[in-house]
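Numbering (this note's numbering), first residue to last: 2 to 137. The block underneath contains the structure these notes are about, expressed in C-alpha cells.
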Amino acid sequence: MAYWLVKSEPSVYSWDQLVKEGSTCWSGIRNYAARLHLKNMKKGDGIFFYHSNEGMEIAGIAKVEREYFKDPTTDDERWVAVDIKAVRQLKKPVTLEQIKKNKQLSGMVLVNNSRLSVQPVSNKEWTSILKIAGEK
DNA sequence: GCCAACGTTGGC
DNA sequence: GCCAACGTTGGC
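Next comes the structure, spelled out in C-alpha cells:
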C-alpha cells in the first residue's frame, strides 16, 4: 500500500468539510506531476490531508476510495480526479514546523517542493508523522 | 528545443 | 502583503 499527501487551503476546502461530507471528489488538479500521482493511487491507499497557507499542518488521514477517472470539472479528457474518504482526524495535527524540525522528514516533498499539491509519502515518512501526531 | 517572461502557489 | 520558487507559455 502506498501513501500520499494532498494539500488544500482550508478557505477553499478544509479537513472539517471532508469529515462532514465523509468523502469528496479530488478534482481540479492541473499539474502534470500531481496528475501522475493521482493516476498511481490505488484504492485503499493512505492520504495525509494538509492545510496550506492557513494552519500549515496535516489535519487528518483520508484514503483513496475510487481510483482515477476523468476530472468532472473539465471536458478535457487528459485531466483526472479521484474520490477520497475521511478516515480519522490526527490526535494532534502535525505542523510544517514540526516536519521541518524532524531529520527523518527532511526529504519530504512537502519540504522540498512546497508547491506540488499531490505528492507521494514514503512508508518511513508516514510512520514518523503518525508518531509525531501521538498515534503510537 | 531553448529560454525569457509571466502567472501561481504558499511560506513567512 | 511580499517574494522566492516553480510551472507554463510562447517567441524565436
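No residue lacks a Cβ here, since even glycine has one placed at the ideal position from N, Cα and C.
query: In terms of residue numbering, what span does the beta strand (DSSP E) encompassing residue 218 cover?; result: With the chain represented from 2 up to 137, any question about residue 218 goes unanswered, as that position is not in the structure.
query: Considering residue 34, what are the terminal residues of the alpha helix (DSSP H) in which it resides?; result: 33-41
query: Identify whether residue 80 lies in helix, strand or coil by the three-state DSSP scheme.; result: coil
query: Are residue 62 and residue 7 touching if we call contact CB-CB under 7 angstroms?; result: no
query: For a test of the three-state rule: what should DSSP assign to residue 19, helix, strand or coil?; result: helix
query: Which residue wins for smallest C-alpha separation from residue 22, given the options 10, 29 and 14?; result: 14
query: Drop a sphere of 10 angstroms on the beta-carbon of residue 138, count the other beta-carbons inside from all chains shown, and report buried for 16 or more, exposed for fewer.; result: This structure gives no information on residue 138, because the portion of the chain shown stretches from 2 to 137.
query: Do the CB positions of residue 69 and residue 83 come within less than 7 angstroms of each other?; result: yes
query: Go ahead and label residue 64 buried or exposed: buried means 16 or more other beta carbons lie within 10 angstroms of its beta carbon, across all protein chains shown.; result: buried
query: If we require 4 or more residues per run, which alpha helix (DSSP H) segments fall completely within the stretch 55-127?; result: 97-102 and 110-113
query: Could you please give the first and the last residue of the uninterrupted beta strand (DSSP E) stretch that includes residue 45?; result: Taken as a continuous stretch (DSSP letters only), residue 45 belongs to no beta strand (DSSP E), as it is neither H nor E.
query: Closest to residue 96 by C-alpha separation, out of 59, 30 and 127, would be which residue?; result: 59
query: Name the one or two DSSP bridge partners that residue 6 has.; result: 49 and 120
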